[in-house]
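Colleague: In my numbering, the protein residues as written are 37 to 286. C-beta: ideal position from N, C-alpha, C; glycine also. Model, not experiment: these values are computed from the prediction.
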Amino acid sequence: MTEPNLTEAAVQLSDVQKWYGAFHVLKDINLTVRLGERIVVCGPSGSGKSTMIRCINRLEEHHGGSIVINGTELIGNLKQIDAVRRDVGMVFQHFNLFPHLTVLENCTLAQIYAKKSSLVDAQAQAMKYLTRVKIADQAQKFPGQLSGGQQQRVAIARALCMSPKIMLFDEPTSSLDPEMVKEVLDTMVGLAEEGMTMIVVTHEMGFARMVADRVVFMDEGRIVEVATPSAFFKNPTHERAKNFLSQIIH
37 MTEPNLTEAA VQLSDVQKWY GAFHVLKDIN LTVRLGERIV VCGPSGSGKS
87 TMIRCINRLE EHHGGSIVIN GTELIGNLKQ IDAVRRDVGM VFQHFNLFPH
137 LTVLENCTLA QIYAKKSSLV DAQAQAMKYL TRVKIADQAQ KFPGQLSGGQ
187 QQRVAIARAL CMSPKIMLFD EPTSSLDPEM VKEVLDTMVG LAEEGMTMIV
237 VTHEMGFARM VADRVVFMDE GRIVEVATPS AFFKNPTHER AKNFLSQIIH
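1) Identify which residue in Met203, Phe280, Ile259 has its Cα closest to the Cα of Arg121.
2) Whole angstroms is fine: what's the gap from Ala277's alpha carbon to Met126's?
3) Using the C-alpha atoms, what's the distance from Met246 back to Arg90?
4) When DSSP labels each residue in this structure, what does Ser83 get in the three-state scheme?
5) Establish whether the CB of Gln161 and some CB of chain D are separated by less than 8 angstroms.
6) Going along the chain, which unbroken runs of the alpha helix (DSSP H) with 4 or more residues stay wholly within the region 115 to 178?
7) Reducing DSSP to helix, strand and coil, say where Cys197 ends up.
8) Starting from Asn271, trace the beta strand (DSSP E) in both directions and tell me its first and last residue.
9) Which one of Met254, Lys270, Gln174, Leu227 has the shortest CA to CA distance from Glu73?
10) What did DSSP end up calling Ile192 once you bin it into helix, strand or coil?
11) Report the three-state DSSP secondary structure of Ser102 (helix, strand or coil).
12) Just how far apart, CA to CA, sit His60 and Ser83?
13) Beta strand (DSSP E) containing Met254: first to last residue?
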């Protein structure tokens, strides 16, 4: 597995705050993710995990502190937001594929309109990554003709087509039947082995043990523990983390 670059920050969150009305959903978030590092974010439902990573590519606006992606600070400037989004790919819980477009068209659309790629180049890039996630034979099908695991692998391929430097995963297996989870996790393990910078919100603790450089545990809008997988699973220091692990690991 490729070692992370411990000298170069890919993502820097400093004292980040976020409110939904009067509800303080992110409180004093401080986290540095190094280039090539794999971070797994876990914690109970409602702890702010998904909100945090959605702030990293400005799907959610933070209300205090700073977020810097590859040296570019995320503020309201649309050019800066676009620059960050070109570097950051995201895979969602519910795939978010266009149902009326084929798999191939789903993977070429953003390339053509955002990157101004030609159709030929976009299709070549799409087939490269559909092959990479072992689903090239489904290129002419529509999403509704695929299993959930296949659709999620298409979503990963679509994100990779934009040549991101960082990949965000927001509970990518939580909508899948158990037998489909492995094929998606195998794809993500492959990305990790190639050195992709990854931030993954997940309850798949086996994936965290295998892939993560660090585990970030959140509770009630705060990061309350950051540790290596070995330390986190063997000896969590925060009482809330201990309770969480006791409920999901038998």
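Modeller: In this structure, then:
1) Met203
2) Rounded to whole angstroms, the gap between the alpha carbons of Ala277 and Met126 is 26 angstroms.
3) 24 angstroms
4) Annotated three-state conformation of Ser83 is coil, per DSSP.
5) Here there is only one protein chain, and chain D is not present.
6) Within the region 115 to 178, the complete alpha helix (DSSP H) runs of at least 4 residues are 139 to 150, 155 to 168.
7) Reduced to three states, the DSSP call for Cys197 is coil.
8) Counting along the chain, Asn271 falls outside any beta strand (DSSP E), and DSSP gives it neither H nor E.
9) Leu227
10) Helix at Ile192.
11) strand
12) Spanning the two alpha carbons is a distance of roughly 11 angstroms.
13) Per DSSP, the continuous beta strand (DSSP E) segment holding Met254 begins and ends at 250 to 255.
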